[in-house]
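Asks: Residue numbers (the numbering used here), protein chains in the order written: chain U, 1 to 603; chain B, 1001 to 1603.
The beta-carbon is built from N, C-alpha and C at its ideal position, and this holds for glycine as well.
What you are looking at is a predicted structure, and each value in this text was computed from that prediction instead of being measured.
Right, I'll just put the structure down here and ask away after.
There are 2 protein chains.
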Amino acid sequence: MAQQIADRRDVDFVLHEQLKIADLTRYEVFEEFNRKTVDLIVSEARNLAVKELLPCFKEGDELGCRFENGTVKVPEPYHRALEMLRDGEWTAMCDKPEWGGQAMPATVALAATHFFYGANYPFMVHNLLTHGAGKLVETFGTDEQKKIYLKKMYTGQWGGTMLLTEPEAGSDVGALTTKAVKNADGTYSITGNKIFISSGENDLVDNIIHPVLARIEGAPEGTAGISLFLVPKYRVNPDGSPGEFNDVVCTGIEEKMGIHGSPTCSLALGGSGNCIGTLLGKENKGMSAMFVMMNEARLQVGMQGFSCASASYLNALNYARQRIQGKAVGAARDDAAVPIIRHPDIRRQLLTMKSYTEGMRSIMFFIGLMEDMVKVCPSSEEKERYQGLIDVLIPVAKGYVTDRAFELCSMGLHVFGGYGFTKEYPQEQLLRDCKITQIYEGTNGIQAMDFLGRKLCMNKGKGFSDLLKEVEKTVDSAADIDDLSGPAGILERALSRLKTTAAGMAEAIQSDNIHPAFANAAPFLDVTGDTLIAWMLLWRASIASKELGGKPKKKDKAFYEGQVKSAQFFIRNLLPVSMAKMDAILAMDTSVIDISDAAMGPK
Amino acid sequence: MAQQIADRRDVDFVLHEQLKIADLTRYEVFEEFNRKTVDLIVSEARNLAVKELLPCFKEGDELGCRFENGTVKVPEPYHRALEMLRDGEWTAMCDKPEWGGQAMPATVALAATHFFYGANYPFMVHNLLTHGAGKLVETFGTDEQKKIYLKKMYTGQWGGTMLLTEPEAGSDVGALTTKAVKNADGTYSITGNKIFISSGENDLVDNIIHPVLARIEGAPEGTAGISLFLVPKYRVNPDGSPGEFNDVVCTGIEEKMGIHGSPTCSLALGGSGNCIGTLLGKENKGMSAMFVMMNEARLQVGMQGFSCASASYLNALNYARQRIQGKAVGAARDDAAVPIIRHPDIRRQLLTMKSYTEGMRSIMFFIGLMEDMVKVCPSSEEKERYQGLIDVLIPVAKGYVTDRAFELCSMGLHVFGGYGFTKEYPQEQLLRDCKITQIYEGTNGIQAMDFLGRKLCMNKGKGFSDLLKEVEKTVDSAADIDDLSGPAGILERALSRLKTTAAGMAEAIQSDNIHPAFANAAPFLDVTGDTLIAWMLLWRASIASKELGGKPKKKDKAFYEGQVKSAQFFIRNLLPVSMAKMDAILAMDTSVIDISDAAMGPK
């Protein structure tokens, strides 16, 4: 059977040949994760993905979630899928064994997650939220809070969520109005309405633990007055079992374009005056707690979008090899029809999908490795350097990657022609599901603002400049390789122009040009992302080129040649277009700001 | 209430100030269509669109079509909508009064259709198909065929379809296997299976007339042996009423990503050996008959996609004006939150949508005007020139426009943030519905091949070069206008580069480079389309700039300023990126062709 979800050879290539993650065994916490163990983990994850999660991908979409009498029924097969996920101990891969975690390197966990998301990410959203909420408890909870909640969350016995958005407080979290009033016993009574809560209510678990952003009575307006609370659906009995209902009422679920298996809930807290929460972390420090979790959550959303694109690519490739339609370009009258992979326009779309997904895979796993290095590296200076790279890369991994992923899913649908529009094939669902990754966990507009307004100049621009130094290293070493000197030269020019563009943008946001600069925030994130894709592809091609100089096995030979072609294609055809975009950004045209609201169109 | 679907002021601008369509009254056939009449027609169309079609847009999506006992039930409110469409005599706007048509200029009909499609194009597909089938009868039918079918089709009493695609014959029509065997009475017995038939079966009309592509027994293989037949669902009694069932059996409908109100049917013809058709046109000339209809059908599909984008833009603009969220960039701590139209990233998206939809509107209506000129202009030389422009513009109107339209619908969804993903707002449906416009009526890959392989070099490239001369005229006259000399200079450079690119492509397809050239067919169509958008925006801005030099009314002033800004924005920010794409095309990189199928990825 054809490979699905993700190219295993490519996953292994990034883990072992590009990032050499077995080197992590040097560090005590990861000493067990040698190549054999890592390969076994990835194989097991892939098995679970193909055998248990993928089969209920379409069914989950069709069944959707049902809101009945205040409860939400998720698609029936999700129950078994969660059981399998828990049995395989996949619910807290990188966390401490004392709380039920597996203490895996983040890079390896990302490879496993890649298969899970590519198989059925609407189902996986549930676990993402649970784990994220657990991480908040682990990071900010008291010993008591951890004892009550943490292990049950990390092992997936209980669920978790994140109660942030309100009808009038979406991108502007500081506008929220949910209220917390301190009780005599130190707990808080919570009242308010939250919307867009993934897994906010569901029948998968016995209890749901809601971290809730709310404002303590009398606290300042805006983000400075927001605190974080832990609010369980059912209060917990002394023996640890779910007890009295805590007045967290689900008032409805959204009808959506995609991720139908993932319930998006509206919750009313304390409607009967009976919702009790405990403070998580410090008063008025809710937003900074959120920020701690943000990198993880945004990286995961990037993984969701990227994994949709990866699955869409392999489906398209498999289909293009089998579907016979039309003669080849320039064929004689009597020539037979060919598989559509022979048609140049299909090949262009396939190679576009291939090169982007490969570049994305390297970016995502690279961030994983940086996270592992932050954990293990001994010097604080190095730690800061790795953390700086992560901070700069997160908006790329979330914003840039999901924007491109949606475009790739669209191409992946087109390869199927009219069939791609039907529900007979997974392509249209991948496209629909992928759409929300561009929006939730901070819209991609927010990502672009974060990149320009915070990340570019953070620590005097050290993170950004450290990142470009990494790119330079690759360029320098590729310049001497025959097949790659041309592409290396183009990337060198792109890099130099990106530096100029970044300097121009950094200056602009400190000047009267701040508005046109922010109008170019998204294009700026785009050109940065393109440059990084080119970097990763050139890095990959450098390794491949070396291997091709030896005596690779036949199968490896095709793989390595494919690496060189991805780099050549992307850098010669797509990167130059991005360079023109850099020039347009630098020109700092002001039309977007100058045009009056009235001139935008009719009222 | 805010304007919806399309900016009426802009529609009027294109019709009267840009294309001056009242000048058509010079010609006898159009002498009644003075400005007052045209405005009345557009107002009536808009009324119908807003009051009758738009209200059942969402309902049609939710109800969808039901396949029950061999028949298809369309969404219930479509019945009334069709009645209104028929009562208003909108079903054959440009056709001869003797067959029930209104003899309207094509340009005016496009303006009306724009509102209909923007309001509810899944419903309108039914009429598009009926009219297209009617046109085949009018063009190729015998007097007898016309007498039996035509008026009933043009007035919408009976429906029509187009039976082309088969499971193994999609883009490759020549592979079809549906068979026709001549009977003693001159009719043909038809057997075969057709798929993806829009409106192939439905409960909207008393009879459905199917033009069917089939191969007469013994005819050559491929497209050279295809004939066209007229196959009614019910044979027609001597008194003109529907009679005996003609063995056209609907075997199912597709579950699709969008256009749920438009049934996509599988039809079995002659399963009981009892399906009779009459030849339409000449034996073995079915494909050329199809080609005659193709321009109309492709222009209409372009209009569908474009109208989705137009509606999505106005929805986004209205929402951005109302939705309060977040402080302005650079605001002080105590400043209030602002409508999101004040945020630079939202403005960039809005102006991107605005400039593209305006440019598209001009391109589409310009094609309409060319069609009118073909009809009325006295000299055959001029007729050929106009027809040449149409032929070159059709793949732009279908391929380029729908590709961009889908991207714009995506932006239009993003402006709504998380709400855009929900079914509470129309944005996600517009995106889903828009998707198929990139695929049906010849995939956009096919459009790009048509553009490069046929249209570019047709009549020694006369059509293409005539088109560029039109662009030149606009550039020359804008070069002297203060605000526009800069953009005019950029467009001049783009035009010159497009010429070089086109010459390079024309040479390449005659050489060994034919494969890499066809791999660049889609990018080549893209850069041509971008240049044409820039042309139209500069043309518009030239008119607006002149008006601004006078004493325009306050409301007009904002509109005209908006025209200048659209041109400045598009030409300064987006066109330069397209120029870099032209260079990349000319470089004629061969990676897409060189990479082996095995290197594309795992089997």
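From Gly420 of chain U to Ser1171 of chain B, what does the alpha carbon distance come to, in whole angstroms?
Replies: Using only the alpha carbons, I get a separation of about 14 Å.
Asks: Considering only C-alpha positions, which residue in the set U:Asn444, U:Val249, U:Cys308, U:Gly417 is nearest to Asp433 of chain U?
Replies: Among U:Asn444, U:Val249, U:Cys308, U:Gly417, the Cα nearest to that of Asp433 of chain U belongs to U:Cys308.
Asks: Hey, does Leu1345 of chain B have any beta-carbon neighbour from chain U nearer than 8 Å?
Replies: One detail in the question is off: residue 1345 of chain B reads as Asp in this sequence, not Leu. It does: the Cβ of Asp1345 of chain B has a partner Cβ on chain U nearer than 8 Å.
Asks: Check the Cβ of Phe559 of chain U against every Cβ in chain B and list those closer than 9 Å, keeping chain order.
Replies: Those within 9 Å of Phe559 of chain U in chain B are Ala1598, Ala1599, Gly1601, Pro1602.
Asks: Who are the Cβ neighbours of Thr1177 of chain B in its own chain at under 8 Å, not counting the five residues just before and after it?
Replies: Counting only Cβ-Cβ distances below 8 Å, and skipping sequence neighbours, we find Glu1166, Glu1168, Ala1169, Gly1192, Arg1215.
Asks: So, under 8 Å CB-CB, Phe1559 of chain B and Leu1019 of chain B are touching, yes? Tell me the CB distance rounded to an integer number of Å.
Replies: That belief does not hold up - the Cβ atoms of Phe1559 of chain B and Leu1019 of chain B are roughly 17 Å apart, past 8 Å.
Asks: Could you tell me the boundaries of the alpha helix (DSSP H) in which Met1268 of chain B lies?
Replies: What sits at residue 1268 of chain B in the sequence shown is Ala, not Met. Where Ala1268 of chain B is concerned, there is no enclosing alpha helix (DSSP H), although the beta strand (DSSP E) it sits in stretches over 1264-1269.
Asks: Report the neighbours of Lys282 of chain U on chain B: residues whose CB is nearer than 9 Å to its CB, in chain order.
Replies: In chain order: nothing, as chain B lies at least about 22 Å away.
Asks: Does the region 2-15 of chain U come into contact with the region 304-321 of chain U, if we say contact requires no fewer than three beta-carbon pairs (one atom in each stretch) closer than 8 Å?
Replies: Yes, the region 2-15 of chain U is in contact with the region 304-321 of chain U.
Asks: Quick check on Asn427 of chain U: buried or exposed, where buried means 16 or more other Cβ atoms within 10 Å of its Cβ?
Replies: Residue identity check: residue 427 of chain U is Gln in the sequence provided, not Asn. Label assigned to Gln427 of chain U: buried.
Asks: List the residues of chain U that Gly1326 of chain B touches, going by C-beta distances under 7 Å, in chain order.
Replies: Result: Ser171, Asp172.
Asks: For the pair the region 1329-1337 of chain B and the region 1068-1082 of chain B, tell me if three or more CB-CB distances fall below 8 Å.
Replies: They do not touch, by the three-pair rule.
Asks: Here's a check: name, in chain order, each residue in its chain whose Cβ is nearer than 7 Å to the Cβ of Met1582 of chain B, leaving out the five neighbours to either side.
Replies: Result list for Met1582 of chain B: Arg1497, Leu1498, Thr1501, Val1527, in chain order.
Asks: How is the alpha helix (DSSP H) around Val292 of chain U delimited, first residue to last?
Replies: It spans 286-322 - the alpha helix (DSSP H) in which Val292 of chain U sits, taken as one unbroken run.
Asks: Under a CB-based cut-off of 8 Å, is Phe1573 of chain B close to chain U?
Replies: The question names Phe, but residue 1573 of chain B in the sequence shown is Asn. For Asn1573 of chain B, the answer is yes, since a Cβ of chain U falls inside 8 Å of its Cβ.
Asks: For Thr1443 of chain B, would you say it is in contact with chain U, using Cβ-to-Cβ distances shorter than 8 Å as the test?
Replies: Closer than 8 Å to some Cβ of chain U, the Cβ of Thr1443 of chain B qualifies, so yes.
Asks: On the DSSP bridge assignment, give the partners of Ile209 of chain U in chain order.
Replies: Looking at the DSSP assignment, Ile209 of chain U forms a beta bridge with U:Gly160, U:Pro232.
Asks: Where does Asn246 of chain U sit, in a helix, a strand or coil, going by DSSP?
Replies: Coil, per DSSP.
Asks: Ile209 of chain U: which of U:Ala397, U:Gly412, U:His515, U:Thr161 sits nearest, CA to CA?
Replies: When only C-alpha atoms are compared, the closest one is U:Thr161.
Asks: Nearest CA to the CA of Asp23 of chain U: which residue from U:Ala599, U:Met373, U:Lys565?
Replies: Residue U:Met373 is the option with its Cα nearest to Asp23 of chain U.
Asks: With Arg66 of chain U as the anchor, note down where its alpha helix (DSSP H) starts and where it stops.
Replies: No alpha helix (DSSP H) contains Arg66 of chain U, which is instead part of the beta strand (DSSP E) from 66-68.
Asks: Within the 8 Å Cβ cut-off, does Leu314 of chain U reach chain B?
Replies: Closer than 8 Å: yes.
Asks: What three-state label does DSSP hand Val181 of chain U in the structure shown?
Replies: Strand at Val181 of chain U.
Asks: Does the pairing of the region 263-271 of chain U with the region 75-92 of chain U give three or more beta-carbon distances under 8 Å?
Replies: No, the region 263-271 of chain U is not in contact with the region 75-92 of chain U.
Asks: Would you verify that the beta carbon of Gly368 of chain U is, or is not, closer than 8 Å to some beta carbon of chain B?
Replies: Not one chain B Cβ lies under 8 Å of Gly368 of chain U.
Asks: Can you pull the chain B residues whose beta carbon is under 7 Å from the beta carbon of Lys375 of chain U, in chain order?
Replies: In chain order: nothing, as chain B lies at least about 32 Å away.
Asks: Leaving out five residues before and five after Thr1278 of chain B in sequence, what residues of the same chain have Cβ atoms less than 6 Å from its Cβ?
Replies: Cβ neighbours of Thr1278 of chain B beyond the five flanking positions: Thr1187, Leu1230.
Asks: With three or more beta-carbon pairs closer than 8 Å as the criterion, would you say the region 287-307 of chain U touches the region 1452-1471 of chain B?
Replies: No, because fewer than three Cβ pairs between the region 287-307 of chain U and the region 1452-1471 of chain B fall closer than 8 Å, the two stretches do not touch.
Asks: Mind checking who Val392 of chain U pairs with in its DSSP beta bridge?
Replies: DSSP output for Val392 of chain U lists no bridge partner at all.
Asks: Just to make sure I have the definition right: I need the residues of chain B whose C-beta is within less than 8 Å of the C-beta of Asp589 of chain U. Which are they?
Replies: Within 8 Å Cβ-Cβ: Gln1568, Phe1569, Arg1572, Asn1573.
Asks: Please tell me whether Met364 of chain U and Phe451 of chain U are closer than 8 Å, where the distance is taken between their beta carbons.
Replies: Result no, Cβ atoms of Met364 of chain U and Phe451 of chain U do not sit closer than 8 Å.
Asks: Judging by CA-CA distance, which residue of U:Ile259, U:Ala397, U:Lys233, U:Leu548 is the nearest neighbour of Ile276 of chain U?
Replies: Ranking U:Ile259, U:Ala397, U:Lys233, U:Leu548 by Cα distance to Ile276 of chain U puts U:Lys233 first.
Asks: Does the distance from the CB of Ile390 of chain U to the CB of Asn237 of chain U come in under 8 Å?
Replies: Not closer than 8 Å, so no.
Asks: I need the boundaries of the beta strand (DSSP E) containing Thr1113 of chain B, first residue and last residue.
Replies: Element bounds for Thr1113 of chain B: not the beta strand (DSSP E) but the alpha helix (DSSP H), 1106-1140.
Asks: State yes or no: is the beta carbon of Lys1036 of chain B nearer than 8 Å to at least one beta carbon in chain U?
Replies: Answer no: the Cβ-Cβ gap between Lys1036 of chain B and chain U never drops below 8 Å.
Asks: Hey, would you say Gly1399 of chain B sits closer than 8 Å to Ala1448 of chain B, going by beta carbons?
Replies: Result yes, Cβ atoms of Gly1399 of chain B and Ala1448 of chain B sit closer than 8 Å.
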